[in-house]
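Chains A, B, C and D are the protein sequences, given in the same order. Okay, so the first sequence: first residue is 253 according to this note's numbering, each after it adds one. Okay, so the second sequence: first residue is 253 according to this note's numbering, each after it adds one. Okay, so the third sequence: first residue is 253 according to this note's numbering, each after it adds one. Okay, so the fourth sequence: first residue is 253 according to this note's numbering, each after it adds one. The beta carbon of each residue, even a glycine, is placed where N, CA and C say it ideally should be. Fair warning: this is a prediction, and the values are worked out from it, not measured in the lab.
Protein chains: 4
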Amino acid sequence: MTVRVERKPREEITAFDNSTLNPVTKPVAYVKPGDIVEVTTWDAYGGVVDPETTFQQAIEKGIVGSLNPVTGPIHVEGAEPGDTLVVEIIDIELPEWGGSSIIPGFGALEGWVNLMEPRTKISYIRDNKVIYETDHGETIEIPVEPFIGTIGVSPAYEAIQTLAPGAHGGNMDCPDVRAGNKLYLPVGVPGALFGLGDVHAVQGDGEICGTAVEISAVVKLRFSVEKKTIAWPRIESDTEIMTVCSARPLEDAAKLAYREMVNLMVTEYGWDRDDAYMFLSLAVKARIAQIVDPLYTVVAKLDKKYLTKR
Amino acid sequence: MTVRVERKPREEITAFDNSTLNPVTKPVAYVKPGDIVEVTTWDAYGGVVDPETTFQQAIEKGIVGSLNPVTGPIHVEGAEPGDTLVVEIIDIELPEWGGSSIIPGFGALEGWVNLMEPRTKISYIRDNKVIYETDHGETIEIPVEPFIGTIGVSPAYEAIQTLAPGAHGGNMDCPDVRAGNKLYLPVGVPGALFGLGDVHAVQGDGEICGTAVEISAVVKLRFSVEKKTIAWPRIESDTEIMTVCSARPLEDAAKLAYREMVNLMVTEYGWDRDDAYMFLSLAVKARIAQIVDPLYTVVAKLDKKYLTKR
Amino acid sequence: MTVRVERKPREEITAFDNSTLNPVTKPVAYVKPGDIVEVTTWDAYGGVVDPETTFQQAIEKGIVGSLNPVTGPIHVEGAEPGDTLVVEIIDIELPEWGGSSIIPGFGALEGWVNLMEPRTKISYIRDNKVIYETDHGETIEIPVEPFIGTIGVSPAYEAIQTLAPGAHGGNMDCPDVRAGNKLYLPVGVPGALFGLGDVHAVQGDGEICGTAVEISAVVKLRFSVEKKTIAWPRIESDTEIMTVCSARPLEDAAKLAYREMVNLMVTEYGWDRDDAYMFLSLAVKARIAQIVDPLYTVVAKLDKKYLTKR
Amino acid sequence: MTVRVERKPREEITAFDNSTLNPVTKPVAYVKPGDIVEVTTWDAYGGVVDPETTFQQAIEKGIVGSLNPVTGPIHVEGAEPGDTLVVEIIDIELPEWGGSSIIPGFGALEGWVNLMEPRTKISYIRDNKVIYETDHGETIEIPVEPFIGTIGVSPAYEAIQTLAPGAHGGNMDCPDVRAGNKLYLPVGVPGALFGLGDVHAVQGDGEICGTAVEISAVVKLRFSVEKKTIAWPRIESDTEIMTVCSARPLEDAAKLAYREMVNLMVTEYGWDRDDAYMFLSLAVKARIAQIVDPLYTVVAKLDKKYLTKR
C-alpha cells in the first residue's frame, strides 16, 4: 500500500509541532510496516527562499516561520520504546533548484575568516548535476548526491529542536542517509513519531557554511520494526555498516561512533572487545557529517566483508 | 643521483636528536633537490617489538628508548625559512610483518570502553595484504595502504616531540602521505632539516587504539623547493588537493583545514572568499587522520577538477 | 501576598511535565510580581534516596521516576517573550541531611580514574555544616553554601530536559544562585513558566562526581519583570554582576560568559567594545559551575564598583 | 647567599635560548638550594613596548625579537630528573607602568566580538593600584595582584616555546604564582634548568584579550629540592593546596587538575580514591587561569584544613 504524507502549507507550520521532534504533537499520518510512504518535505528555509527571494529578504519581509521544519509526526504501527525503527530510503525526487546561504552567526568558519555578509545563492539542478555559478564567472558542475538532512523519531520525553541531531536522529546532515540505504533509529515512544525534512541535493563533509544545496523534495520510504535496542542511529549500505553519533567537541562524536562500532562487533558478531578496538584502528573509516549544528555529527564506517555472523 | 640515508642503530637513538624535530641537531645527510633519497626508518616502537617480544615485554626489559624515532635530520640544499619543501613520495617498501598495540593511557577510547589491558599483536604482510588473526579464530585480510605516519621539518626554533603533529608536519598519521603523492611542508630553518619514520602498512581513520600496523620500512623520496610560503602542510594526489591541520579540539583541526582550503582557493585560484566558503560547503571532503596524538589531525580534500588556474 | 507552591507527590511526577522545562505543561500556580512565593522542591534524585536507600537500591527497586524533577511551571503575570524575569532569592531552608552519589557513566572523572563503583553517601547537616564522614574514619565539617541547582523558564518552543542548562537557565548548578542574590532569566513564553529544584547544601566548583549534597528544600522567592531583553542568565549580588553561560567545550561556555559581560558593559554602561574587552582581561573573575551536565556552565563575574551608570 | 641573575640585553635575546624552555641552552647561573636568587625579567613583549611605543609600532619598526622571553636557564644544584623543584616566591618588585594589548589573531574573543584592531594601552602603577584610563574618560583603580606568568623548568628532551604552558610549568598565567606562595615543579633534567619571565601586575581570570598588565620586574626566589615525583605543577599558599594543569579543550585541563588533586589526597593523605572524588565534588574550588595560550590552564584548589597528615 502507498501512503502519501503532505507537508503542511507554509503558514500552518508551527515551532513546537514542526521545528521539534516531540512526544506530544498529534500524528499527521498512521502507517504500517511494509507500506510505501511518499512524503513531501520543505527545505531547511521552510520554503521562503526562491530564485527571487534571498533568505535575508525573507527575514526582512517577516515570512520566515519555524526553521528546518519536518513533515510529521508519522506514527508507525507496532513501534514501541526500546525497538529499532528501520527506515528504507527508496527514492529522493529532486526539484529544479536549491538554495545555499551564508547566515552570519552560523557556520563553521564564523569568526575564522572575514566578510561573512549574509547572502543566498540559487543553484539549478540539471541532469543530476548542481550548476554552481561562481562569483568570478565560472560554471561548475557538481554531481548530485541527494540525501535527507533531518530525519528522526521522537525522544522519550523531550521536544528537541529540528536543528539539533542526537540519539533520536534529527539534523544529522549525513550524506549516507540516501536512496538505497537503510537507517536504523532507536524508538523512544509508541508509534515512533517519525519526521523528516531538510533534503540536500549535495553537501560537502562538514556542511561548513551551515547550508548545503537546500531543497524541497519528495521522498519515498518503507518502514519496518526490529525488536532490538540500539543506542544511536546506524546506517547500512550494500557494502558498509555505519554508526552515527553526535556530540561536542567533535572528538566526542567520533569516540561515540567508534564505541558504537565496537559494541556492534561485540554484541552482534562475537568479537572480543579489545580485539574489535585494535581491528578498527586498522580498518574503520570516518566521515565528518557536519560541524555547524548544536551537536556535531561523525559517521564511523566498516566494510561488511570484515563481519561474519557466527 | 641516489642518496641512501640509514637509520641509526637502535642503541644510538637519542631523545632530543631522534624523538624531536629541532633546529639544533647536526644533519645526518645533505641532499639536493632532484636526488633520489632512499631512507630506512624505524617503526614507532623504535625497533623493540618483534614476533617474540610485545611492547610490554620490551618495556619490562628496559630496551625501549626514545619513542617514535625519526631518521634525520636531512639537510635539503637551498631550502630557506619561508620556502615550501615539496616531498615526492616515490615508493614505500614493506617488511614481512608489523605490530599493533593497546597501550594503557593512550588511545581514543581510553576510559570509554573497559579492559584496555596492554597487548601487542603481530600481523604478517603477504601479497599486499595484512593478515589479521582475530581472537575468535578468524583470519581477515586487509589490503595494505602504506604511508608515512611521521614526516616533517624542523620548527623555526622549538624542538617538537615526534609524537606530535603541527604546522611543521610531524606525527600527522595521514594515510594520504603515500607513494604517488606529494607532500608540501613550510620550511622553518635553513636546509629544512627533514625527518621521517613511523610508517604504517594500513591504518583506519582516527588510528583509534593509538597504533596502526607499525612497520620499519625503506622509503624512496625526491625533494624540490618552491619559493612560496604556506602556513600548514598540503598534499597533492592525481585527483585531489588537500590541506592537513592539527589542533585540539578536533573541530579546530577541521576549521583550520577548511580555512587553509579557502585561503588556497582565494590566493592561488582567484576565488572570492565567501564564494569559496559556500562552494566548499557543497564539495569539500574531510578525513579524520588521527585523534590520539597531542594534537588531532584533519585532512580537507578538494577535487582538482573544480580548480582552474586563471 | 504569600503563595505556597507544593511539589507533586513522588508518584505523580512525570517526565515531560517535571523533567523538562517546556511551553506546553499547564501551570501549577499563577503568581504576581511582588508576591512572596514559597516553593517545596524535590532533590535531584526525585526523593527516592534516604539514609536507608542508596540511589543504586532505588534503581533496583524500580522506584526511580523522572530525574532532576522541578516544581512548576509557575506562571508569572505580565512576563512576555523578550522580557527579563527577575528572581529574587530570599531564603533556602535546609533539611537534616543530603545525599551525594557516584553514578557510573556520569561525572567528570568517569574514565579518568579507576573504580567508579556506584555508591551513595548520606551527609547530615548541623549548625550550617555538612558533616562528611570519610571512608578512612575522619569527620570533616564543610560550611553550607546552599543554592538552587536547577532553575529556569520555558524555552520559546522546545522541551529541554531539566538535566541540561541553557539560555533559559535550567541545570546551571551555579553556587551564586543563593539567598540574597537576584537571578535574571530571558522570558521565552507568556507567563515565563518558571520551574525549580535540585537544591544543593554545598558544592565544589565543577560538581565533579555529578552530584553535590543533594537536598529537598523550601525556597522563598519574589519575582519581578523587566521590559528589557537579555540573551543569557545573569546574577547580581551585593558586590558583583555575573553572566552565566553554558556550552561545550568548556572554553565556549567561558567565551560566551565573557562576551555577555562585554555586551553588558557596552550596552548598559557605555563602554567601548575593545576597551571593555581589555579591561576584563585585567579584572574579570570566572567560576567553573559544573562540567558534568549536557552543556558545561561558566560564570563570569565583575565587581560592580568598576561600573558607573552614565 | 644572594645570587643576582640579570636578564640579557634585548638585542641578545634569541628564540631557541630565551623563547623556549629546553635541555640544551647553557645555564646563565648556578645556584644552590637556600640561596636568595634575585632575577630581573623582561615583560612578555621582550621590552619593546613603552609609553611612547605600541606593540604594533614595535612590530613595524622590526624591533620585536623573541616573544615572551625568559631569564635563564638557572641551574639548581642537586635537582635530578624525577625530583620536585620547590620555588618559594619571596617578592615581586613592580615597575612604574605596564602595557596591555589587543593583538589580532590572539585572544579568547577573537572572532567572537567585532573590531579587534591592534592597540596597546599603558597603565601606570601607583600605591599598589593599576590606574586604568577608559576610552570613555573614567579613571579606574584596580588593586595590583602581581604574579609570575611564565615560570618553569626544562622538559626532559623537548624545547617548548615559552608561550605554552605544560607539565613543566611555562606560560601558566596563574595568579596564584605570587609572593608568599610556593610553586612545585617536576624536574626533567639535571639542574632543573629553570627560567622565568612574563610578570603581570594584575590579570583577570582567563587573561581574555591575551595580555594582562605586562611588566618587567625584579623577582626574589629561593629554591629547594624534594626527592619525590609529581606529574604536574602544584602551588601552596598559607591556606590552600593547588594543582595546575594545562590542556585543550578547557574541560581536559580541569579534569587533569581535579585528578591530580584526587591523586594527591590518595597518595599523600591516605584517602580512598572514590571518597576523595566525592569529597572534592563538595569542596574543591577551581580557577580558569588562561584560555589564550597553546594549552589552556586550570587551577584546582583545596583548603588545607580538610587535609590531615596521617
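Have a look at residue i and residue j and give me their C-alpha separation to the nearest angstrom.
| i | j | result |
| --- | --- | --- |
| valine 257(D) | threonine 292(D) | 7 Å |
| valine 477(A) | valine 316(C) | 29 Å |
| valine 551(C) | aspartate 457(D) | 11 Å |
| asparagine 332(D) | glycine 447(D) | Looking at the sequence itself, residue 332(D) is glutamate, so the reference to asparagine does not match. Answer to the nearest angstrom: the Cα atoms are 16 Å apart. |
| proline 395(D) | lysine 381(D) | 4 Å |
| threonine 272(D) | methionine 494(A) | 45 Å |
| threonine 560(D) | tyrosine 376(C) | 21 Å |
| tryptophan 349(C) | glycine 324(C) | 24 Å |
| isoleucine 540(A) | arginine 539(B) | 7 Å |
| asparagine 423(B) | leucine 554(A) | 25 Å |
| aspartate 545(D) | glutamate 393(D) | 27 Å |
| glutamate 412(C) | leucine 445(C) | It should be pointed out that residue 412(C) corresponds to isoleucine in this sequence rather than to glutamate. Rounded to whole angstroms, isoleucine 412(C) to leucine 445(C) spans 13 Å at the Cα level. |
| glutamate 304(C) | threonine 463(C) | 18 Å |
| alanine 509(D) | lysine 507(C) | 20 Å |
| arginine 511(C) | lysine 557(B) | 42 Å |
For residue i, which three-state DSSP category applies?
| i | result |
| --- | --- |
| threonine 463(B) | coil |
| glutamine 542(C) | strand |
| threonine 491(D) | coil |
| tyrosine 548(A) | strand |
| glutamate 478(C) | strand |
| leucine 437(B) | strand |
| threonine 254(D) | strand |
| lysine 472(B) | strand |
| aspartate 425(C) | coil |
| glutamate 536(D) | Note on residue identity: the sequence assigns valine, not glutamate, to residue 536(D). Three-state result, valine 536(D): coil. |
| arginine 500(C) | coil |
| leucine 554(C) | strand |
| valine 518(B) | helix |
| arginine 511(B) | helix |
| aspartate 527(A) | helix |
Between residue i and the rest of its own chain, which residues show a CB-CB distance below 6 Å, the 5 nearest in sequence each way excluded?
| i | result |
| --- | --- |
| leucine 437(A) | Leu337, Val405, Gly421, Pro485 |
| valine 300(C) | Ala310, Ile315, Val316 |
| tryptophan 294(D) | Arg259, Pro321, Gly449, Ser468 |
| proline 407(B) | His420, Gly440 |
| valine 514(C) | Ala528, Tyr529 |
| glycine 351(A) | Val301, Thr372, Ile374, Glu466 |
| serine 489(D) | Asn433 |
Can you give me the Cβ contacts of residue i inside the same chain, cut-off strictly under 7 Å, excluding the 5 residues immediately before and after it?
| i | result |
| --- | --- |
| aspartate 335(C) | Val439, Val477, Glu478, Lys479 |
| glutamate 340(B) | Lys434, Leu473, Arg474 |
| threonine 266(A) | Ser318 |
| glutamine 542(B) | Asp425, Gly458, Glu459, Tyr548, Thr549 |
In chain D, which residues lie less than 8 Å from residue i when you measure between Cβ atoms?
| i | result |
| --- | --- |
| valine 514(C) | Leu361, Val365 |
Counting only Cβ pairs nearer than 8 Å, list the residues of chain C close to residue i.
| i | result |
| --- | --- |
| phenylalanine 531(D) | Tyr384, Thr386, Ile392 |
| alanine 506(D) | Ala360, Gly458, Leu502, Ile540, Ile543 |
How would you list, in chain order, the residues of chain A whose beta-carbon sits under 7 Å from the beta-carbon of residue i?
| i | result |
| --- | --- |
| threonine 336(B) | By Cβ distance, chain A contributes nothing, its closest Cβ being about 22 Å from threonine 336(B), past 7 Å. |
Excluding the 5 residues flanking residue i on each side, which residues of the same chain have their C-beta closer than 8 Å to its C-beta?
| i | result |
| --- | --- |
| alanine 505(C) | Cys497, Ser498, Ala499, Leu547, Tyr548, Thr549, Val550 |
| threonine 391(C) | Ile383, Tyr384, Glu385 |
Along chain A, which residues have their Cβ under 8 Å away from the Cβ of residue i?
| i | result |
| --- | --- |
| cysteine 461(B) | Tyr529, Met530, Leu532, Ser533 |
Just to make sure I have the definition right: I need the residues of chain D whose C-beta is within less than 7 Å of the C-beta of residue i. Which are they?
| i | result |
| --- | --- |
| aspartate 524(C) | Asp387, His388 |
Exercise for the section: Counting only runs of 3+ residues fully inside the segment 256-327 of chain C, write out the beta strand (DSSP E) ranges in chain order. Expected result: You should have 281-283, 288-293.
Exercise for the section: Mind listing, in chain order, the continuous beta strand (DSSP E) runs of no fewer than 3 residues lying wholly within the segment 334-412 of chain A? Expected result: For secondary structure counted as the beta strand (DSSP E) over 3 or more consecutive residues, the segment 334-412 of chain A holds these complete runs in sequence order: 336-345, 349-354, 371-378, 381-385, 391-395, 399-404.
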